[in-house]
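Asks: Residue numbers (the UniProt record's numbering): 1 to 271. Even glycine gets a Cβ: it sits at the ideal position worked out from N, Cα and C.
1) With three or more beta-carbon pairs closer than 8 Å as the criterion, would you say the region 193–211 touches the region 152–161?
2) By DSSP, does residue 100 sit in helix, in strand, or in coil?
3) I want to know whether the region 234–244 touches the region 98–116 - three or more CB-CB distances under 8 Å.
4) Specify the secondary structure class of residue 8 as computed by DSSP and reduced to three states.
5) Can you tell me whether residue 11 is buried or exposed, with buried defined as 16 or more other CB within 10 angstroms of its CB?
6) Would you say the region 42–57 touches the region 85–97, given that touching needs at least three Cβ pairs under 8 Å?
7) Determine the direct distance from the alpha carbon of residue 166 to that of residue 131, and round the result to whole angstroms.
8) Give me whichever residues DSSP pairs with residue 45 in a beta bridge.
9) Can you give me the start and stop residues for the alpha helix (DSSP H) that residue 220 sits inside?
10) Can you tell me which residues form a DSSP beta bridge with residue 242?
11) For residue 262, name the three-state secondary structure that DSSP assigns.
12) Thinking just about the alpha-carbon of each residue, which of 183, 203, 129 and 9 is nearest to the one in residue 52?
13) Please state whether the Cβ-Cβ distance between residue 5 and residue 230 is less than 8 Å.
14) If we count Cβ pairs, one from each stretch, closer than 8 Å, do we get three or more for the region 74–81 versus the region 139–155?
15) With a threshold of 7 Å (Cβ to nearest heavy atom), would residue 85 be considered close to the ligand MN?
16) Can you grab the Cα-Cα spacing for the pair residue 27 / residue 34, in whole Å?
17) Identify every residue that forms a DSSP beta bridge with residue 251.
18) For a quick check, are the C-beta atoms of residue 179 and residue 232 less than 8 Å apart?
19) In three-state DSSP terms, what is residue 198?
20) For residue 7 and residue 46, which I take to be in contact (beta-carbon distance under 8 Å), what is that distance rounded to the nearest angstrom?
21) Is it buried or exposed, residue 176, if we count other Cβ atoms within 10 angstroms and call 16 or more buried?
22) Measuring alpha carbon to alpha carbon, tell me which of 18, 213, 114 and 61 ends up nearest residue 168.
23) Please state whether DSSP places residue 28 in a helix, a strand or coil.
24) For residue 70, is the classification buried or exposed, using 16 other Cβ atoms within 10 angstroms of its Cβ as the cut-off for buried?
25) Which of helix, strand or coil does DSSP assign to residue 140?
26) So, with DSSP's three-state summary, where would you put residue 39?
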């Protein structure tokens with residue numbers, strides 16, 4: 001069994017992830033996502049709002065509607081933008097929709113620090129409700145985003161100040177994988193997901209995957225365990241088959257694979 005802790009979907013024409021879907025020969029639809037989940041024994045997937053071409057987000061209400069249409073096999077994650085009004089609306093939405101499993105802040109897409117006071121009410125609610133907060137880190141899907149703000153080490157102070165807050169470093173900070181590993185090693189409340197680490201096909205794809213496996217193995221060796229490592233596809237950025245194969249290529253035994261594919265996410269997101 002598998003839990004995908006990071007997937008995207010929308011029906012918006014200006015969804016910035018449509019080119020990724022095309023590069024992976026994916027239709028990027030609810031039917032396809034559910035069919036792939038069935039095919040690869042993915043019991044649940046966390047659904048996140050995709051970015052739009054203009055840099056904004058697909059509304060959280062749209063994400064929740066898609067989750068409803070999936071009979072809640074997809075679990076909503078609310079994307080939170082850095083304004084008092086949006087933070088308050090996301091907290092209100094989470095209170096009214098008990099299916100919400102987490103929040104997400106788009107570091108890099110929003111050019112603010114994760115310790116900006118605007119997010120304080122969100123962190124306090126996340127702590128009281130037990131909901132994790134996911135943070136985009138690393139490479140971005142749009143060129144207008146800020147890599148400086150997307151660096152995983154921006155989360156160090158937050159992890160120290162809110163040491164009970166469950167923090168997920170999305171995309172393992174790629175290409176700053178070793179830096180993300182240090183966060184997981186240093187802070188017991190920090191997790192990292194393996195989503196969106198590659199997309200499409202180039203002449204160098206095979207060599208890149210080989211080096212990626214080596215980097216991830218080094219990160220896991222450094223951390224010393226996989227107790228806080230999570231599987232994710234970042235659908236449609238990755239297709240399910242190659243995302244699963246990447247994890248199976250790591251230096252992990254059967255028990256460790258179960259943790260990464262299923263058990264860690266089941267516990268973290270109360271699935």
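Replies: So, to answer that:
1) no
2) coil
3) no
4) strand
5) exposed
6) no
7) 7 Å
8) 4 and 74
9) 205–223
10) Answer is none; residue 242 lacks a bridge partner.
11) helix
12) 9
13) yes
14) no
15) Absence of the ligand MN from the depicted structure is noted, as is the absence of any ligand whatsoever, leaving it without description.
16) 12 Å
17) Paired residue(s): none; residue 251 is not in a bridge.
18) no
19) coil
20) 7 Å
21) buried
22) 114
23) coil
24) buried
25) coil
26) helix
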